[in-house]
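Under this note's numbering, think of the first position of the sequence shown as 39, with each following residue one higher.
All C-beta atoms, glycine included, are put in the ideal place defined by N, C-alpha and C.
As structure tokens, the structure follows; a few thoughts come after it.
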Amino acid sequence: MSSTFAPTPQMKRKRFVQGVVLGSTALATVVISLPIVIVIVYVVSHGGSAITPEFLFDGPARAGREGGFWPVIVLTLYALVLTAIFAVPTGVACAIYLAEYARAGLLLRIVNLTIVNLAGVPSIVYGLFGAAFFFDVVHAEKSLWVASATLATQALAIVITSAREALIAVPPGIREGSLALGVSKLRTTVFVTLPQAFPGIVTGVLLAISRAAGETAPILVVGAILATNVDLNPVNALQGRAQMLSFELYGRVTEGLGFDESRKWGIALVLLAVVLVFNVSALVLRYRIQAASRR
39 MSSTFAPTPQ MKRKRFVQGV VLGSTALATV VISLPIVIVI VYVVSHGGSA
89 ITPEFLFDGP ARAGREGGFW PVIVLTLYAL VLTAIFAVPT GVACAIYLAE
139 YARAGLLLRI VNLTIVNLAG VPSIVYGLFG AAFFFDVVHA EKSLWVASAT
189 LATQALAIVI TSAREALIAV PPGIREGSLA LGVSKLRTTV FVTLPQAFPG
239 IVTGVLLAIS RAAGETAPIL VVGAILATNV DLNPVNALQG RAQMLSFELY
289 GRVTEGLGFD ESRKWGIALV LLAVVLVFNV SALVLRYRIQ AASRR
């Protein structure tokens with residue numbers, strides 16, 4: 039004996055709502071992804087011809103009109119590593135305090151709201167702050183480490199926000215179970231809560247650094263220069279003037295000195311590749327860490 043159940047009006051309404059939500063999500067995904075795909079295809083088609091071993095691994099010649107941009111690529115990586123060194127420990131420590139130790143109340147809500155708003159402050163403001171602080175207060179010289187520290191002030195808000203959200207997302211029962219066993223608050227935070235939040239923290243850090251890789255205004259204000267052959271020894275390079283791919287692209291586009299178009303797009307392609315590597319790395323690391331935690 040078989041029976042069929044006719045869908046009730048409530049079931050039909052639920053299916054309709056699910057279909058609308060699914061369709062809207064798919065449409066939003068296409069709308070967001072299409073411009074990205076167009077930009078990638080356009081940059082690759084215009085700059086792909088410039089990407090040669092000489093372009094990637096040689097130093098600049100004739101003020102960048104010939105040769106390659108190896109020093110700029112290396113100094114960009116130096117700057118991003120230094121930005122992470124400046125921003126990540128401080129940002130994660132602040133997030134731990136805000137999520138685990140700060141007393142709930144109006145002051146904490148104001149602080150959290152301020153940090154979230156700082157993540158949306160225009161990058162030029164951070165550049166002006168970096169110039170005022172490092173040149174007028176610290177009396178530092180224009181250098182790569184100053185540019186990295188300025189980028190770190192911008193990345194700091196993103197790191198704190200993402201790390202705090204990752205810590206808050208850890209189920210309270212995990213903390214309570216550890217504390218119930220007599221484990222101290224500090225050890226619970228370090229050995230229980232942090233490992234659980236680690237995937238979210240890593241993702242936020244890599245996304246913050248990838249954003250720093252594409253910033254131009256902050257390093258423009260603190261005195262970046264166009265490509266030159268420099269000593270790539272890290273100790274010496276950090277004391278020299280900042281050279282980064284984002285500023286190199288800006289300078290070549292705006293200088294109006296007949297710089298070859300394919301080389302401009304080649305710089306854009308390398309910069310795009312650096313940013314994509316950080317973003318893809320964030321997704322892969324998050325997936326691997328989550329997969330390892332399930333075993």
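Residue i to residue j span [Cα, whole Å]
i	j	result
Gly158	Lys50	42 angstroms
Met39	Thr46	With a pLDDT of 47 at Met39, under the threshold of 50, the modelled position of that residue is not reliable, and the figure given next carries that caveat. Looking at the two C-alpha atoms, the distance is approximately 22 angstroms.
Ile74	Glu299	21 angstroms
Leu244	Ala99	33 angstroms
Leu139	Arg326	Correcting the residue type first, residue 139 is Tyr in the shown sequence and not Leu. One C-alpha to the other measures close to 29 angstroms.
Val268	Gly97	9 angstroms
Leu307	Gly86	7 angstroms
Ser71	Ala218	47 angstroms
Ala88	Arg324	34 angstroms
Leu65	Ile78	20 angstroms
Ile76	Gly129	35 angstroms
Asn271	Thr90	24 angstroms
Thr63	Arg141	38 angstroms
Val291	Gln48	59 angstroms
Selection from the options that minimises the alpha carbon distance to residue i
i	options	result
Val230	Glu293, Ala187, Ile134	Ile134
Leu309	Ser300, Met282, Gly102, Leu245	Met282
Asn81	Gly106, Tyr325, Leu287, Thr63	Note that residue 81 is Val in the sequence shown here, rather than Asn. Selected option, being the one with the closest Cα: Leu287.
Leu132	Gly220, Ala117, Ala142, Val149	Before going further, note that residue 132 is Cys rather than Leu in the sequence given. Considering only alpha carbons, the answer is Val149.
Leu321	Val79, Gly57, Arg301, Pro237	Pro237
Leu232	Gly220, Arg249, Pro210	Pro210
Glu92	Gly105, Ser83, Gly85, Gly86	Gly105
Trp108	Trp303, Ala329, Thr266	Thr266
Trp183	Phe172, Ala193, Gln192	Phe172
Gly261	Leu189, Ile305, Gln328, Val208	Leu189
Ala330	Arg147, Ala185, Gln234	Gln234
Ile111	Gly215, Gln192, Val59, Leu264	Leu264
Glu293	Arg103, Ser62, Phe95, Gly304	Arg103
Ile239	Gly304, Gln328, Glu214	Gln328
Test item: CB-CB of residue i and residue j under 8 angstroms
i	j	result
Ala187	Gly242	no
Ile198	Ile247	no
Ile162	Ala251	no
Ala195	Leu156	yes
Leu136	Leu145	no
Ala125	Ala193	yes
Ala117	Ala170	no
Leu258	Phe285	yes
Val273	Thr114	no
Three-state secondary structure assigned by DSSP to residue i
i	result
Thr165	Per the sequence presented here, residue 165 reads as Gly, with Thr not at that position. Residue state, collapsed to three classes: helix.
Met39	At Met39, the pLDDT of 47 sits below 50, so the modelled position is not reliable; the number obtained from the coordinates is stated separately. Here Met39 sits in coil by DSSP.
Pro233	helix
Ala99	strand
Gly105	strand
Phe297	coil
Arg213	helix
Arg51	helix
Ala157	coil
Gln328	helix
Gln277	coil
His84	helix
Open item on the list: Pairs of beta-carbons, one from the segment 120-132 and one from the segment 310-318, closer than 8 angstroms: are there three or more?
Closed with: no
Task: At least three beta-carbon pairs within less than 8 angstroms, the segment 267-277 to the segment 222-237 - done: no
Open item on the list: Does the segment 201-220 come into contact with the segment 166-180, if we say contact requires no fewer than three beta-carbon pairs (one atom in each stretch) closer than 8 angstroms?
Closed with: no
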